[in-house]
Ligand code: DC
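Residue numbers (our numbering): 1 to 216.
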């Protein structure tokens, strides 16, 4: 039987991750955080000192890249060449670098393949920026989450140590711009996605709305 796919796209802080995790748990499906994969590439770019604007250097890094998502006690871990880098990919620096490297066509091509392979095996909720538009245009159900900038910044600020609310807000606005204005697979809602503004909704309310939309 064919696997079922739900895609949830949206900008940083729109609630994608929390909602996708809760939804996958309710459905008994796996949850795939594709942003973690882009963060993994950014981490390796930094660790190896690769000039990602140099196509040959970037190609060489991608040829040796070995990223794997694993779930441990309900927590999604990112493994790069055997090393668990989960705790190192959520810094403001890696967030911004992930946004920059994700605009590179070579990076997107490498991760596109990886994401589609994961989708051959399990019913899954995939969250990211281009899940409904590019990676899974034929997904069973598509959603696009949004929320106003200040609300998104407040959500991220409560999770991140060391940055002021104003800095978080500026970083998110910059990433929104990078991610939506890039040529390849920009952040945007698929024409057939259901749009949900989560500004004044709880996680449970968003999950209920999605379950209702998919007839569960
Ligand atoms: O969802 P996140 O904040 O962890 O994503 C980090 C960056 O990765 C984001 O700014 C843009 C990029 N990204 C992407 O280009 N495509 C995806 N499907 C997921 C993330």
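Heads up, the beta-carbon is just placed ideally off N, CA and C, and yes, glycines get one too.
Distance between residue j and residue i (C-alpha atoms, nearest Å)
i: residue 169; j: residue 69; result: 29 Å
i: residue 193; j: residue 56; result: 37 Å
i: residue 19; j: residue 205; result: 10 Å
i: residue 202; j: residue 210; result: 13 Å
i: residue 215; j: residue 23; result: 13 Å
i: residue 141; j: residue 21; result: 16 Å
i: residue 73; j: residue 48; result: 30 Å
Sequence-distant residues of its chain with Cβ nearer than 7 Å to residue i (five each side left out)
i: residue 148; result: 199
i: residue 153; result: 13, 165, 168, 169, 172
Residue i and residue j closer than 8 Å at C-beta
i: residue 78; j: residue 40; result: yes
i: residue 228; j: residue 62; result: For the chain, the structure presents residues 1 to 216; residue 228 sits outside this window and is missing.
i: residue 126; j: residue 7; result: yes
i: residue 5; j: residue 43; result: no
i: residue 139; j: residue 29; result: no
i: residue 188; j: residue 180; result: yes
i: residue 91; j: residue 3; result: no
i: residue 129; j: residue 33; result: no
i: residue 191; j: residue 146; result: no
Identity of the residue in the options nearest residue i by Cα
i: residue 135; options: 205, 186, 47, 194; result: 186
i: residue 99; options: 11, 195, 197; result: 11
i: residue 67; options: 95, 75, 36, 15; result: 36
Same chain only: Cβ atoms within 6 Å of residue i, ignoring 5 sequence neighbours per side
i: residue 51; result: 57
i: residue 144; result: 9, 10, 189, 193, 195
i: residue 107; result: 41, 101
i: residue 131; result: 7, 9
The region 156-171 contacting the region 113-129, beta-carbon criterion three pairs below 8 Å: no
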